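Comments concern the structure below.
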Amino acid sequence: GSILRDGSYAEYQAVDSRLIAQKPSKASFEEAASLPLTSLTAWEALLDRGIHYNASTTVLIIGGAGGVGSMAIQILRAKTNAQVIATASRSETRDWAIKMGAHHVIDHRYSLADQLKEIGLNGVDVVFITTHTNEHIKGIPEILNPFGHLSIIEAPASLDIVPLKDKSLSIHWEMMFSKSMYGFKMKGQGEILQEIATLVDEESIKPTLYLALNGLDADNIKEAHTQLENGVSIGKIVIKV
6 GSILRDGSYA EYQAVDSRLI AQKPSKASFE EAASLPLTSL TAWEALLDRG
56 IHYNASTTVL IIGGAGGVGS MAIQILRAKT NAQVIATASR SETRDWAIKM
106 GAHHVIDHRY SLADQLKEIG LNGVDVVFIT THTNEHIKGI PEILNPFGHL
156 SIIEAPASLD IVPLKDKSLS IHWEMMFSKS MYGFKMKGQG EILQEIATLV
206 DEESIKPTLY LALNGLDADN IKEAHTQLEN GVSIGKIVIK V
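Residue numbers (this note's numbering): 6 to 246.
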């Protein structure tokens, strides 16, 4: 879809056909609704930026139990043979990240460098920050290997890229709405969603629906936003029409 016009909470919406795909046949409508935004964000950030993966590639997903993090783990496991490390801080979010397919889970409240060393890594090749960018951005150059990649979706208060220079690090922004906002390669998003649907039907990827609220009304919209804003939500929240 597009953020250039209102209507996210409308019962019916008109969407450019290039941006959509058929829903997975094995997913409910609620499960299917949990897929597009997060899967497109994760796919574009990790697979559309010229990053090359092999069995020795290591990827750190900061925020592994959130909507985007959940999809990032699964997409990497389905489409690459990279080693995936996720961050989570509570027992339920650690369990969720492992369920999504993370090889290792570390706690973003503590030193990432120290915890990576505990699992035998002096650094990683790719870091994808899906949340709380301000808290993590300064420590990333220390844990990225030379010629590594940093992907971010959330704009920090300020961004100093000079610390990335010595290791020749690359930084990639991901804004899922860039294609629809500028009419650029829009068909590509529909193609990605069709592949996501195929992966779901093949059971290579699971929908990340965690909470479904019944009824598109003010109370449920308020509850959904409260869940998101308290900073402890897992996966995706869907409001059933």
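Where is the CB? At the ideal position from N, CA and C, for every residue including glycine. On a predicted model such as this, the values are computed, not experimentally measured, just so you know.
Ranking ILE239, ILE244 and TYR115 by CA distance to the CA of THR98 puts ILE239 first. Out of LEU65, ASN86 and GLY12, the CA that lies nearest to the CA of ILE111 is found in LEU65.
Counting only runs of 4+ residues, the alpha helix (DSSP H) found wholly inside the region 50 to 121 occupies 72 to 84 and 96 to 105, in chain order. The closest CA to that of GLY125, considering only THR138, HIS108 and TYR115, is found on HIS108.
Around GLU196, the same chain offers ALA26 as residues with beta carbons nearer than 8 Å, after the five sequence neighbours per side are excluded.
Per the DSSP secondary-structure output, HIS154 pairs in a beta bridge with VAL131 and SER175.
Residue environment for THR136: buried (at least 16 other C-beta atoms within 10 angstroms of its C-beta). Straight-line spacing of the CA atoms in SER7 and MET186 works out to 6 Å. In this structure, the alpha-carbon of SER173 lies about 44 Å from that of LYS31. Following the DSSP letters along the chain, one finds LYS227 in no beta strand (DSSP E) but inside the alpha helix (DSSP H) bounded by residues 223 to 234. With distances taken between CA atoms, ASP165 lies nearest to GLY144 out of GLY144, PHE182 and ILE148. For HIS154 and PRO41, the gap between their C-alpha atoms comes out near 24 Å.
In the DSSP secondary-structure assignment, LEU218 is bridged to ILE244.
Per DSSP, LYS190 is not a residue of any alpha helix (DSSP H), being assigned neither H nor E. Within 10 angstroms of the beta-carbon of MET76 lie 16 or more other beta-carbons, which makes it buried.
A residue is called buried when at least 16 other Cβ atoms come within 10 angstroms of its Cβ; GLU179 meets this threshold and is buried. Taken through DSSP and simplified to helix, strand or coil, LEU40 comes out as coil. Taking C-alpha positions only, ARG82 is separated from LYS245 by approximately 29 Å. The region 44 to 58 and the region 219 to 231 do not touch, with fewer than three beta-carbon pairs separated by less than 8 Å. Shortest Cα-Cα distance from THR63 to any of GLU207, GLY72 and ILE78 involves ILE78.
Ranking PRO161, SER94, MET105 and ASN59 by CA distance to the CA of ARG114 puts SER94 first. Judged by DSSP in its simplified three-state form, LEU149 adopts strand.
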